[in-house]
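Written below as structure tokens is the structure these notes are about.
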Amino acid sequence: MAGFSIGVDLGGTNLRVAAVTPRGERLDHISQPTRLHAGPYAVLDDMVAAIHTILDRRRNAELSGIGVGSPGPLELPAGILHHPPNLPGFDGLRLREELESRLGGCVSIDSDANLAAYGECLLGAGRAFGAESLCMLTLGTGVGSGMVLEGRIWHGMQGAAGESGHGPLDPNGPPCPCGARGCLEMYASATAIVRRAGQLGVGSAEGNGAAVPLTASCVAQLANSGDARALQVFDEMGRALGLSLSNLINALDLPLYVVGGGAAAAWPLFAPRMFATVREMSYVYRLSMPDDPAVYQPGRTHITPAQLSDAGLLGAALLPLHAHDGARA
Ligand SMILES: [Zn+2]
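Just add 38 to the spot in the sequence shown (first one is 1) and you have my numbering.
Quick look at the structure:
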């Protein structure tokens, strides 16, 4: 059997483990609920058991390494979790040490948002656009972000780089769990879509905020059917994304910005306002925008939807193969 590496995506909802070839082809996959209620050590036991199950199934193939993606904040390179909002009870967990002692070898660890950017760079939009550098925003329950610069994840001094989801856009905006106000996450996450839809009375007959449980995809369905208030939610989301991207483009001047995560499925609803805002607010973008945002032009600044549905898991699997030399798949 051909060589492989193992990627782990430790999510607040699901724990996923996959065996992947160096070219990013998935060979095996285990997915199970993350038993948050049972505590971090039970989740670690589940993770190690799933890894051993995959190793047993592929015992004739050579293992190249194990990479793990975790929600942040994650202190790197130590691999210690600090009050991760999506993993309650995991504060202070020395994830790298705990895994390495259980598995008896080295484990590569990074944040889920960094690994999504890494996976997209190596196997998704980055490969399609021929870009070795990109910034990715992941729109999920919160807004994560990661940067890959010339094939390497940019971590910053303490592993905290890429917190663009908490870049403030309005000092008078809604309070954010990070302690600031009006962060991108307050406008562009799935949570924000649902909250804003509730404020505008989306789904209620008279716009009176009746208690109809909504999800972000419900709001998108209503917007697609022409509901004016639902359309306003995505228009505001596009404005917020455009402002954040303008800051990123002006600061970084990268060839590629990728928008992924579950809430990015609403791309057709928020992208028009997002592009209009970037054209209005970023002179760097105006200098370098492509003739058609959907068509790749070398030397231009591109903003594009993510191409992979499991970039974080694939990025985790590829991390031990490329983390030290910045090579491309
Ligand atoms: Zn924030």
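For every residue, glycine included, the Cβ atom is placed at its ideal position computed from N, Cα and C.
Computed from a prediction, not measured in an experiment: that's the story for all the values here.
According to DSSP, residue pairing for residue 253 in a beta bridge does not occur. If you draw a straight line from the Cα of residue 303 to the Cα of residue 152, it comes to about 20 angstroms.
One alpha carbon belongs to residue 310, the other to residue 274, and they sit about 11 angstroms apart. With a contact defined as Cβ atoms closer than 8 angstroms, residue 58 and residue 355 qualify at about 4 angstroms. Within the chosen limit of 8 angstroms, ligand 1 does not reach the beta carbon of residue 261 with any heavy atom. Per DSSP, residue 342 is one residue of the beta strand (DSSP E) stretching across 340-343. Minimum Cα-Cα distance from residue 225 among the listed residues 211, 217, 218, 216 corresponds to 211. Of the candidates 256, 116, 238, 63, the residue whose Cα lies closest to the Cα of residue 198 is 116. The alpha-carbon separation between residue 140 and residue 60 amounts to approximately 25 angstroms. Going by DSSP, residue 195 is part of no alpha helix (DSSP H) at all; its letter is neither H nor E. Judged by DSSP in its simplified three-state form, residue 85 adopts helix. Residue 263 sits in coil when the DSSP states are folded into three classes, being neither helix nor strand.
A residue is called buried when at least 16 other Cβ atoms come within 10 angstroms of its Cβ; residue 166 does not meet this threshold and is exposed. Boundaries of the alpha helix (DSSP H) around residue 225: 223-226.
Between the C-alpha atoms of residue 294 and residue 56 there is a straight-line separation of about 27 angstroms. Between the beta-carbon of residue 91 and that of residue 72 there is about 16 angstroms, and that puts the pair past the 8 angstroms contact cut. If you ignore the 5 residues before and after residue 127, its C-beta comes within less than 8 angstroms of the C-beta of 74, 77, 78, all in its own chain and listed in chain order.
Counting along the chain, residue 322 sits inside the alpha helix (DSSP H) bounded by residues 321-326. Beta bridge pairing from DSSP links residue 56 with 45, 67. For residue 102, the enclosing beta strand (DSSP E) starts and ends at 101-108.
The Cβ atoms of residue 227 and residue 301 sit closer than 9 angstroms to each other. Per DSSP, the continuous beta strand (DSSP E) segment holding residue 295 begins and ends at 294-298. Closer than 8 angstroms to some heavy atom of ligand 1: that describes the Cβ of residue 203.
Judged by beta-carbon spacing, residue 162 lies within the 9 angstroms limit of residue 346, meaning their Cβ atoms are closer than that value. Close CB contacts of residue 64 within its chain, under the 7 angstroms cut and outside five residues either way in sequence, are with 56, 58 (chain order). Following the DSSP letters along the chain, one finds residue 150 inside the alpha helix (DSSP H) bounded by residues 150-161.
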